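For the sequence shown, numbering that gives the first Met the number 0 assigns the number 0 to the initial residue and increments by one for each residue that follows. Worksheet: one structure, shown below.
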Amino acid sequence: MPATVYVLNGPNLNLLGLREPEIYGSDTLDDIAGMLEDRARDLELDIEMRQSNHEGHLIDWMHEAQAQDARAVLLNAGAFTHTSVALHDAIRSIRTPVIEVHLSNPLTRETFRHESFVGRAARGTIAGFGALSYLLALEAAARF
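Here is the structure:
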């Protein structure tokens, strides 16, 4: 049975493709899920793709990833990246490696986006490559 990689997406990512395409691109979350599933098959991995606008769901899903012995969590926490001590603590509380993912590069944007509570706890960060950021993170997860 292939190992599973959880791909968790935070607030407003359900609007990808519509929301500020000049920043986030024209790919929808479904497009990204399809790309990940195709690549995951090649890597002999399963993908568990989820999105929520609620911080607690993301925390519960990280706990679930550990309970299910997931290979890794790819986490695009959206704006929670810059505000959530709770997500930071959840990442630190699980053994499952977490890779922070961003479509855009937060360091090239508004200064309030330069702080990442998620990144301070994550195994690594991949940002600024659009949908390719997710694929690069999946490649990293396959090597854990």
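From the three backbone atoms N, C-alpha and C, an ideal C-beta is built for every residue, glycine too. All of these numbers come straight from a predicted model, not from anything done at the bench.
- What span of residues does the beta strand (DSSP E) with Glu99 cover, start to end? As a first step, residue 99 is located in the sequence shown; it is residue number 100 there, counting from the start. Taken as a continuous stretch (DSSP letters only), the beta strand (DSSP E) holding Glu99 covers Val97 to His101.
- When you compare only the Cα positions, how much space is there between Thr82 and Ala76? Residue 82 sits at position 83 when you count from the first residue of the sequence shown. Residue 76 sits at position 77 when you count from the first residue of the sequence shown. The alpha-carbon atoms of Thr82 and Ala76 are separated by roughly 10 angstroms.
- Item | Range of the contiguous alpha helix (DSSP H) that encloses Gly55 | Indexing the sequence shown from 1 puts residue 55 at position 56. Glu54 to Ala66 is the extent of the alpha helix (DSSP H) around Gly55.
- Message: If distances are taken between C-alpha atoms only, which option among Pro1, Phe116 and Gly55 comes closest to Val100?
- Response: On the sequence shown, residue 100 is found 101 positions in, with the first residue counted as 1. Among Pro1, Phe116 and Gly55, the Cα nearest to that of Val100 belongs to Phe116.
- Nearest candidate by alpha-carbon position, reference Tyr144, set Leu14, Ala89, Asn13 and Asp45: As displayed, the chain neither begins before 0 nor continues past 143, which places residue 144 out of reach and without an answer.
- Look at the alpha carbon of Ser92 and the alpha carbon of Ala69, and state the distance between them as a whole number of angstroms. Here residue 92 is taken as the residue at index 93 of the sequence shown, counted from 1. Here residue 69 is taken as the residue at index 70 of the sequence shown, counted from 1. Their backbone Cα atoms lie some 15 angstroms apart in a straight line.
- Ordered along the chain, which non-local residues of its own chain (more than five positions away) have a Cβ less than 6 angstroms from that of Phe79? The residue labelled residue 79 in the question sits at position 80 within the sequence shown. Result list for Phe79: Gly9, Glu54 and Leu86, in chain order.
- For the beta strand (DSSP E) that contains Arg49, what are its first and last residues? Mapped onto the sequence shown, residue 49 falls at position 50. Leu44 to Gln50 is the extent of the beta strand (DSSP E) around Arg49.
- Roughly how many angstroms lie between the CA atoms of Ile98 and Glu47, to the nearest whole one? In the sequence shown, counting from the first residue as 1, residue 98 sits at position 99. In the sequence shown, counting from the first residue as 1, residue 47 sits at position 48. About 15 angstroms.
- Item | Distance, Leu102 Cα to Leu131 Cα | Stepping through the sequence shown from its first residue, residue 131 is reached at position 132. Stepping through the sequence shown from its first residue, residue 102 is reached at position 103. Counting only the Cα atoms, Leu102 lies some 8 angstroms from Leu131.
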